[in-house]
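> Could you have a look at this structure, given as structure tokens, before my questions?
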Amino acid sequence: MRFVLLITTFLLSGISAYALAIDERIPDAQTLLALESRAEQAVPKEQCFLYAELVHSMTELAGQQLAQGDLEQASATLRAVEQYSQRIHMGLASNSKRLKNAEMLMRHTSFRLKEFLGGASLEDRPGLESTLRQLDRVESELMMQVFKH
7 MRFVLLITTF
17 LLSGISAYAL
27 AIDERIPDAQ
37 TLLALESRAE
47 QAVPKEQCFL
57 YAELVHSMTE
67 LAGQQLAQGD
77 LEQASATLRA
87 VEQYSQRIHM
97 GLASNSKRLK
107 NAEMLMRHTS
117 FRLKEFLGGA
127 SLEDRPGLES
137 TLRQLDRVES
147 ELMMQVFKH
């Protein structure tokens with residue numbers, strides 16, 4: 007019994023340590039381009055996680071753009087988030103590595119987008135809600151893949 011408790015504690019501490027390590031800094035354009043390039047050129051097993059990182063970074067950028075009142079740029083960024091989350095969805099068929107990390111990152115990204123939605127104006131909400139639905143769908147699919155493996 008103690009062994010099971012010890013293993014459970016160890017696993018949960020590792021998961022929570024990763025969750026605490028999620029970076030919420032706003033990336034610059036060069037960092038985003040580099041991450042996009044890495045994701046596109048990566049082997050299929052790595053693409054899922056790299057696109058999840060890209061979606062997370064772009065969501066943080068969209069939040070900053072909304073806070074600054076740059077609605078057109080935020081809308082364009084959110085459309086890109088939807089496109090990249092679609093690539094995650096399409097890439098799930100391949101045997102992806104780091105599925106749990108990608109799922110946790112997508113969960114955190116959805117949480118952050120919900121925070122942005124709470125402070126958004128009524129005219130910004132439809133785009134945010136559409137992106138949030140897409141992210142939630144991808145997160146659910148990632149979770150199902152995690153349970154399959």
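For the sequence shown, this note's numbering assigns the number 7 to the initial residue and increments by one for each residue that follows. Glycine included, each C-beta is placed from N, C-alpha and C at the ideal position. Quantities reported herein were computed from a predicted structural model and do not represent experimental measurements.
1) Between which two residues does the alpha helix (DSSP H) carrying ARG85 extend?
2) Just to confirm my understanding: we take LYS106, look at its own chain, exclude 5 residues before and 5 after, and list those with CB closer than 7 Å. What are they?
3) For LYS103, report the span of its alpha helix (DSSP H) as first-last.
4) Could you give the first and the last residue of the continuous alpha helix (DSSP H) run that contains GLU50?
5) Among THR37, ALA80, MET96, whose alpha-carbon lies nearest the alpha-carbon of LEU123?
6) Run the CB neighbour count on LEU67, radius 10 Å, all protein chains shown included, and call it buried at 16 or more, exposed below.
7) Can you give me the C-alpha to C-alpha distance between LEU12 and ASP76, rounded to a whole angstrom?
8) Give the C-beta separation of LEU111 and ALA58 to the nearest angstrom, bearing in mind that I take them to be a contact with Cβ-Cβ under 8 Å.
9) On the DSSP letters alone, give me the boundaries of the alpha helix (DSSP H) that ALA35 sits inside.
10) Below 8 Å CB to CB, which residues in the same chain sit around LYS103 once its five sequence neighbours on both sides are set aside?
With the given structure in hand:
1) By 1-based counting over the sequence shown, the position of residue 85 is 79. 77-97 is the span of the alpha helix (DSSP H), which, as asked, contains ARG85.
2) Your numbering for residue 106 matches position 100 in the sequence shown. Excluding sequence neighbours, LYS106 sits near VAL152.
3) If you number the sequence shown from 1, residue 103 lands on position 97. Careful: LYS103 lies outside any alpha helix (DSSP H) and carries neither H nor E.
4) Taking the sequence shown and counting its residues from 1, the one referred to as residue 50 is at position 44. In the sequence on display, residue 50 carries Pro and not Glu. Counting along the chain, the alpha helix (DSSP H) containing PRO50 begins and ends at 50-73.
5) Position 117 of the sequence shown holds residue 123. Selected option, being the one with the closest Cα: ALA80.
6) As a working note, residue 67 is residue 61 in the sequence shown. When all chains shown are included, LEU67 counts as buried.
7) To locate residue 12, count along the sequence shown from 1; it is residue 6. To locate residue 76, count along the sequence shown from 1; it is residue 70. Caution applies to LEU12, whose pLDDT of 41 falls short of 50 and renders its modelled position unreliable; the value that the coordinates give is listed next. Cα to Cα, LEU12 sits roughly 49 Å from ASP76.
8) Here the question's residue 111 lines up with position 105 in the sequence shown. Here the question's residue 58 lines up with position 52 in the sequence shown. About 5 Å; that satisfies the 8 Å criterion.
9) Within the sequence shown, residue 35 is the residue found at index 29, counting from 1. Here the alpha helix (DSSP H) through ALA35 covers 35-47.
10) The residue labelled residue 103 in the question sits at position 97 within the sequence shown. Taken in chain order, the residues that qualify are LYS51, GLU52, CYS54, PHE55.
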